[in-house]
Amino acid sequence: MVKKANHCAYDVHYHLVIVMKYRKKILVKEEYIDYLCQLINELAERWEFDIEEIGSDGDHIHLLLSALPRYSPSRIMNVIKGTTGRLMFRKFPELRKQLWGGALWSGGGYVGTVGKYGGLEGVIKYIKKQGSMNKKQSVLTNF
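In this text, residue positions in the sequence shown follow the working numbering: the first is 6, and each later residue adds one.
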């Protein structure tokens, strides 16, 4: 769907994959998942991007989002990683012990653009299947 901003119309979708530091399966506790979803929702509202789908296998998250063209995918990823990492550690200090006092997320990540014709539905199905072995613990369902 084409969205409109002040001076442009756009239809941009990004598939982001953000990996936990050391590939630790952190996102298995419901309270961690709920809080992370809350934070991502707040960031989406503040930065004017729309979360279309989110999923996890416990050691990484997949996000499908639509964003204003003025924000690069790397900027969006940096905002999500930096803010969620800082606030997750503040609310759950025990995470620092699991990650040896370091960062919540690993450096880097994956960014892909998703075309409206053909690719978008495939990515949505792929993200929904994340954690299908143990749906209750590993899928972020607050969206």
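Ideal Cβ placement from N, Cα and C applies to all residues, glycine included.
Residue span of the beta strand (DSSP E) that contains residue i, given as start and end
i	result
G60	54-61
I85	No beta strand (DSSP E) contains I85, which is instead part of the alpha helix (DSSP H) from 78-96.
Alpha carbon of residue i to alpha carbon of residue j, nearest angstrom
i	j	result
E53	L69	14 Å
P78	V119	12 Å
K30	H12	42 Å
Counted within 10 angstroms of its Cβ, other Cβ atoms place residue i as buried (16 or more) or exposed
i	result
G60	buried
V7	exposed
Y19	buried
D16	exposed
E58	buried
A72	buried
Where the alpha helix (DSSP H) through residue i begins and ends
i	result
Y131	124-133
G117	No alpha helix (DSSP H) holds G117; the beta strand (DSSP E) holding it covers 115-118.
Reduced DSSP category for residue i - H, G, I as helix; E, B as strand; rest coil
i	result
K8	strand
7 Å Cβ shell around residue i - same chain, five flanking residues per side excluded
i	result
K86	I23, W110
Own chain, CB closer than 6 Å to residue i, minus 5 neighbours either side, in chain order
i	result
A49	I56
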